[in-house]
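Chemist:
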Amino acid sequence: MSEHPQDDQMERRDDSLRTDLTDGESPDVQATDGTEDRGTGRVEGVSAWQPPRRNPMEEDSLRDSDESSASRLSDMAAQLDLSQRKNHALAAALTKAAEELGKVKSQMEQLAKPPMSFAVFISQDRISLDSHNVRHATAEIALSNRRMIVPVAPNVDLQRATCGESVLLNENMVLVEFRGRHQTGQVRTVLQVIDMPNLVVQDSSGAASVVTRAGKVMDTRIVAGDRVILDDSGHIALDLLPAEDETNLVLEETPDVSYADIGGLDSQIDRIRDAVQLPFEHRELFERYDLRPPKGVLLYGPPGNGKTMIAKAVAHSLAQGTHARRGIFLSVKGPELLNKFVGESERLIRGIFKRARERAAQGALVIVFIDEMDSLLRTRGSGVSSDVETTIVPQFLAELDGVEALDNVIVIGASNRVDMIDPAVLRPGRLDVKIRVDRPNKAQATSILRHYLTNDLPLQLDRDSESLASSVVSDAFSRGADRKVCDVCDERGQWTSVFFADVISGAMLKNIVDRAKTKAVKASIESGSDVALGESILADAVQDEFVESADSIGDADPSQWSNITGLDVGRVVRIERGRESEGRPA
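According to the working numbering, the stretch in the sequence shown is residues 3 to 588, in order.
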């Protein structure tokens, strides 16, 4: 049965009507007189058939049925549109999913590729053609520590290949690509140049091996001592490094410090001039008297009193060109010569003296200045956790007065702890001249201050530089309680007072003047006009320097502090501040 009874009812009525017409019975149709036209089959005199009239209820039912059909049609159209939109969205999603799947498959293929190995090409092995005119080639390569003969892919051009180039090997150990020449690798020092193209090289531990030249070094002049870069296999020398120049350890310079810039050290300057400049300026007289110039000079004493300045002044004097030949000053950073690798510090020392000999061979006097010498040449056997000094000291001594002569070269060392330097270094014939640069006395302090307090500065109107320097010295060298730094106790229990004058240095005196100048500059900025350097500003600067020095001494290790300061108070075991001193007066 149909879901719509109205439609079924209408269909039954139409079927009944068609049946009646077929049987010759026309309900609700009235016949009239007339005859039948046999030619056409029409009956004359009979009116046209009219559909039966429906009652109002049937018409309302039909109207409702039409509206329902239209509504259903509209709903179906809407559902069709929705289905089409969903279909388009689904198609787009499927397309995007297919693209993503393609990317993933491509990535998986890339990740699934077997690794390729880097190797170093050595030479062609053989090349041949088979009956099909297909090339078959093999090559000798070095892979890590293995030398191998491997097949070469047909698309690889062997004609341009040179020894030392990097190549790629696939998973089947087939040479598939050349990757050019790498400029990285192990660094080795050349010991000996033997038959072309071989070299004898050594590593940092001293182990020697024979390698083959390749690339740039095939036609390059190489001598013993040069450094070369080896390939990853360690069999082939690829490149020559520039001549090793310890520029970070040795500074070849001409300082701008002259003897005139140094105050209060006249006797020390005279002694070092006699040791360094006289043999250089009067070489003939030294030869006439068969007198060899000293090989070395040691400047020692408390820190901050001009040891480095004296060495710089010597270099400045030699570089002025006032003599027939100029001097060369090589400044060595002592602590930076120390290296954790066995034999490396010794190699650096050899390199420094080799450089000095090369300069001296040109006729110049070479000064090798080693600052902080105690850090490099400590007494052998004094190391707590290492024995590096047991090899460094002998190497230095061998260079200083070994079999190979060291002419026109003078070593000047500076140290705050001469007690830590190996005695073999200090003996005559090595560091012949030893000059103590001590703390300044009052006269020396005044001379130092006059280098920094000059009359061209804005000074107090009624004072000159000399009087201001004298007032600073009187204040700083006072032995009153206001200038007592601390009290120290030696191992016998004897207490001694230490005053500011006992620990003052040339560097402190310069710092006092700099403090006063800084105060004057700040005051000038605030006032808008020049503030003169006078006694009050200098007195404040002396007080500030005294306070800082006293504070730093209070936290120092007693034994180490007494060794560095050079005070003649024995072995200090205790330091106290603000204590009434007992025992011998200061």
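Glycine included, each C-beta is placed from N, C-alpha and C at the ideal position.
Met150 lies in the beta strand (DSSP E); which residues open and close that run?
Modeler: Start and end: 148 to 154.
Chemist: Tell me which residue opens and which closes the alpha helix (DSSP H) that Gly353 is part of.
Modeler: Its alpha helix (DSSP H) spans residues 346 to 363.
Chemist: Can you tell me whether DSSP reads Ile231 as helix, strand or coil?
Modeler: Here Ile231 sits in strand by DSSP.
Chemist: So the candidates are Ala416, Lys512, Ala525, Pro305; which of them puts its Cα closest to the Cα of Pro460?
Modeler: Of the candidates Ala416, Lys512, Ala525, Pro305, the one whose C-alpha sits nearest the C-alpha of Pro460 is Ala525.
Chemist: Going by alpha carbons, who is nearest to Gln397 out of Ile450, Arg349, Ala471, Asp234?
Modeler: Considering only alpha carbons, the answer is Arg349.
Chemist: Measuring only the C-alpha atoms, how far is Arg181 from Asn174?
Modeler: If you take the alpha carbons of Arg181 and Asn174, they lie about 18 Å apart.
Chemist: Hey, His237 and Ala144 are a contact pair by Cβ (cut 8 Å); roughly how many whole angstroms apart?
Modeler: His237 to Ala144, Cβ: 5 Å. Contact.
Chemist: Alpha carbon to alpha carbon, what distance is there between Leu170 and Arg215?
Modeler: Near 21 Å, if we compare the C-alpha coordinates of Leu170 and Arg215.
Chemist: Comparing C-alpha positions only, which one of His453, Leu569, Ile151 sits nearest to Asp127?
Modeler: Nearest C-alpha to Asp127: Ile151.
Chemist: Could you give the distance in angstroms between the alpha-carbon of Asp553 and the alpha-carbon of Gly329?
Modeler: C-alpha separation (whole angstroms): 43 Å.
Chemist: Count the other CB atoms within 10 Å of the CB of Thr324; is the residue buried (16 or more) or exposed (fewer)?
Modeler: Summary for Thr324: the model assigns pLDDT 49, below 50, so the residue's position carries little reliability; its value from the coordinates is reported in the next sentence. Under this definition Thr324 is an exposed residue.
Chemist: Pull up the CB-CB distance for Thr498 and Ala471, whole angstroms please, since I reckon it's below 8 Å.
Modeler: About 29 Å separates the two Cβ atoms, so there is no contact after all.
Chemist: Based on the DSSP secondary-structure assignment, which residues constitute the bridge partners of Ile369?
Modeler: Partner(s): Phe331, Ile412.
Chemist: Counting C-beta neighbours from all protein chains within 10 Å, is the total for Arg40 16 or more, i.e. buried, or is it exposed?
Modeler: Note that Arg40 scores a pLDDT of 49, beneath 50, so its modelled location is shaky and nothing firm can be said.
Chemist: Suppose only complete runs of 4+ residues qualify. What are the alpha helix (DSSP H) ranges in the segment 509 to 582, listed by chain order?
Modeler: For the segment 509 to 582, whole alpha helix (DSSP H) runs of length 4 or above, ordered along the chain, are 537 to 556, 560 to 567.
Chemist: Comparing C-alpha positions only, which one of Asp228, Ala315, Gly227 sits nearest to Gln270?
Modeler: The candidate whose alpha carbon is nearest that of Gln270 is Ala315.
Chemist: Quick check: Leu243 and Val189, are their CB atoms within less than 8 Å of each other?
Modeler: For Leu243 and Val189, yes; Cβs fall inside 8 Å.
Chemist: Can you give me the start and stop residues for the alpha helix (DSSP H) that Ile264 sits inside?
Modeler: Unbroken run through Ile264: none, as it is neither H nor E.
Chemist: I'd like the list of long-range same chain contacts for Ile577, defined as Cβ closer than 6 Å, with 5 residues on each side in sequence excluded.
Modeler: If we look at Ile577 and ignore the five residues flanking it on each side, its Cβ neighbours are Cys488, Val490, Pro560.
Chemist: Among Pro153, Met110, Gly104, Asp132, whose alpha-carbon lies nearest the alpha-carbon of Ser125?
Modeler: Comparing Cα positions, the closest option is Pro153.
Chemist: Report the CB separation of Val202 from Ile224 in whole angstroms; it is logged as a contact under 8 Å.
Modeler: About 11 Å; that fails the 8 Å criterion.
Chemist: Using CA coordinates, which residue listed in Gln545, Pro337, Ser467, Glu374 is at the minimum distance from Tyr302?
Modeler: Of the listed residues, the one whose Cα sits closest to Tyr302 is Glu374.
Chemist: In this structure, what does DSSP give as the bridge partners for Met302?
Modeler: Note that residue 302 is Tyr in the sequence shown, not Met. Beta-bridge pairing links Tyr302 to Ser417, Arg438.
Chemist: In terms of residue numbering, what span does the beta strand (DSSP E) encompassing Gln188 cover?
Modeler: It spans 188 to 195 - the beta strand (DSSP E) in which Gln188 sits, taken as one unbroken run.
Chemist: Please list, in chain order, all residues of the same chain as Val176 whose beta carbon is under 6 Å from its beta carbon, the five residues on each side excluded.
Modeler: Result list for Val176: Pro153, Ala155, in chain order.
Chemist: Does the beta-carbon of Leu339 have 16 or more other beta-carbons within 10 angstroms, so that it is buried, or is it exposed?
Modeler: By the 10 Å Cβ count, Leu339 comes out buried.
Chemist: For the beta strand (DSSP E) containing Lys486, list its first residue and its last residue.
Modeler: Its beta strand (DSSP E) spans residues 486 to 492.
Chemist: Whose C-beta lies closer than 6 Å to the C-beta of Gly536 among residues of the same chain, with five residues either side of it excluded?
Modeler: Here the set comprises Gln462.
Chemist: As a quick exercise: from Gly217, Ile196, Gly556, pick the residue whose alpha carbon is nearest that of Arg183.
Modeler: If we check each option's Cα against that of Arg183, Gly217 comes out closest.
Chemist: Just list the residues that DSSP pairs Ala144 with in beta bridges.
Modeler: Val122, Arg149, per the DSSP bridge assignment.
Chemist: Using the rule of at least 16 other Cβ atoms within 10 Å of the residue's Cβ for burial, across every protein chain shown, is Pro442 buried or exposed?
Modeler: By the 10 Å Cβ count, Pro442 comes out buried.
Chemist: Among the residues of its own chain, which have a CB less than 7 Å from the CB of Glu102, if the five just before and after it don't count?
Modeler: If we look at Glu102 and ignore the five residues flanking it on each side, it has no Cβ neighbours.
Chemist: Which parts of the segment 84 to 129 are runs of the alpha helix (DSSP H), unbroken and 4 residues or longer, counting only runs that do not cross its ends?
Modeler: With a minimum length of 4 residues, no continuous alpha helix (DSSP H) run stays inside the segment 84 to 129.
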